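Here the structure comes first, spelled out in structure tokens, and everything after it is commentary.
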Amino acid sequence: MLKVKANHLWVSFFIIFFWVSCGEDNQKMFESKYPDDTIKETGLLVKGETGEFLREGEWKTFFNNGQLKQKKVYSNGNLNGPFEALFKNGKQRESGNYVNNEKNGKWSTWNESGQLLQEIEYAKGRKNGSYTIFSPEGQKLVQGEYQNDKKAGNWFRWFSNGKQKEKGSYQNGRKHGTWYRWDEDGKLVEDLNYVKGQVSNKKSYNRNTSQGHGRPQQMR
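Following full-length UniProt numbering, the numbering of the sequence shown begins with 1 at its first residue and continues without gaps.
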């Protein structure tokens with residue numbers, strides 16, 4: 001009796017896995033469940049060339065309240081196709097695309113209120129292309145570009161009030177050339193000259209002058 005009770009408790013605290021036959025030996029439906037018997041994950045398994053069962057087609061995972069949590073697509077056990085993640089309230093959390101288990105194309109993330117927070121371009125699992133960050137209120141905060149996971153080209157940053165905060169460029173992941181910085185009132189504060197990520201010259205500006213026409217004070 002004690003052994004039976006122990007086994008019953010073990011089952012109640014762990015997810016129950018079981019197989020549902022599709023009528024063919026080379027295909028099986030997979031389901032995992034929460035302790036309360038609600039579905040946690042479901043999808044199709046197909047026998048591969050080596051005899052091992054691999055994930056195939058669309059797979060879904062769920063929160064314990066039954067709300068959809070993720071949708072993803074597999075081919076021969078690898079992530080290939082659209083990916084979507086949601087919050088427990090049903091709002092979209094993340095979307096993108098996989099090619100052979102690597103992120104590819106535009107990936108976007110949102111907060112629980114549905115506000116877009118981030119957009120990133122990928123190629124073969126690396127950041128390649130535009131990169132944008134937004135505030136929870138929808139104001140653009142950062143705009144730039146990546147090449148092979150390294151910052152490149154022109155980058156811009158803004159304060160949450162929409163005023164420009166900083167602009168400059170990157171080469172091979174390092175700041176290069178002249179970078180400008182402003183305060184939240186839109187007045188130029190300083191400009192810095194970079195060479196391969198190192199500051200070679202810096203100027204600060206008198207805050208009491210009009211926007212963009214401060215008197216430079218060279219700094220060492």
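Just so you know, even glycine gets a beta-carbon here, dropped at the ideal spot from N, CA and C.
If you're wondering where the values come from, they're calculated on a predicted model, not measured in any experiment.
Apart from sequence neighbours up to five positions away, the residues of its chain that approach residue 101 with a beta-carbon distance below 7 angstroms are 78, 79, ordered along the chain. Counting other Cβ atoms within 10 Å of its Cβ, residue 199 stays below 16 and is therefore classed as exposed. Judged by DSSP in its simplified three-state form, residue 38 adopts coil rather than helix or strand. With respect to the C-alpha of residue 50, the residue from 36, 136, 76, 87 having the closest C-alpha is 76.
With respect to residue 180, residue 167 sits close: the two C-beta atoms are nearer than 7 angstroms. Listed as beta-bridge partners of residue 132 by DSSP are 119, 143.
Per DSSP, the beta-bridge partners of residue 177 are 194. Assignment of beta-bridge partners to residue 161 by DSSP yields no partner.
In the DSSP annotation of this structure, the continuous segment of the beta strand (DSSP E) that includes residue 92 starts and ends at 92-99.
Residue 122 has its alpha-carbon roughly 35 angstroms from the corresponding atom of residue 26. Per DSSP, the unbroken beta strand (DSSP E) holding residue 70 starts and ends at 68-75. CA-to-CA, the gap between residue 139 and residue 106 works out to about 20 angstroms.
Looking at the DSSP output, residue 109 shares a beta bridge with 94, 118.
Taking 7 angstroms as the cut-off, the beta carbon of residue 158 is found no closer than this to the beta carbon of residue 151. In the displayed model, residue 52 falls within coil according to three-state DSSP, outside both helix and strand.
Assignment of residue 60 by DSSP, reduced to helix, strand and coil, places it in the strand class. Counting every other CB atom within 10 Å of its CB across the protein chains shown gives residue 114 a total below 16, marking it as exposed.
Going by C-alpha positions, residue 119 is about 29 angstroms away from residue 195.
Between residue 53 and residue 60, the gap from beta carbon to beta carbon reaches 7 angstroms or more.
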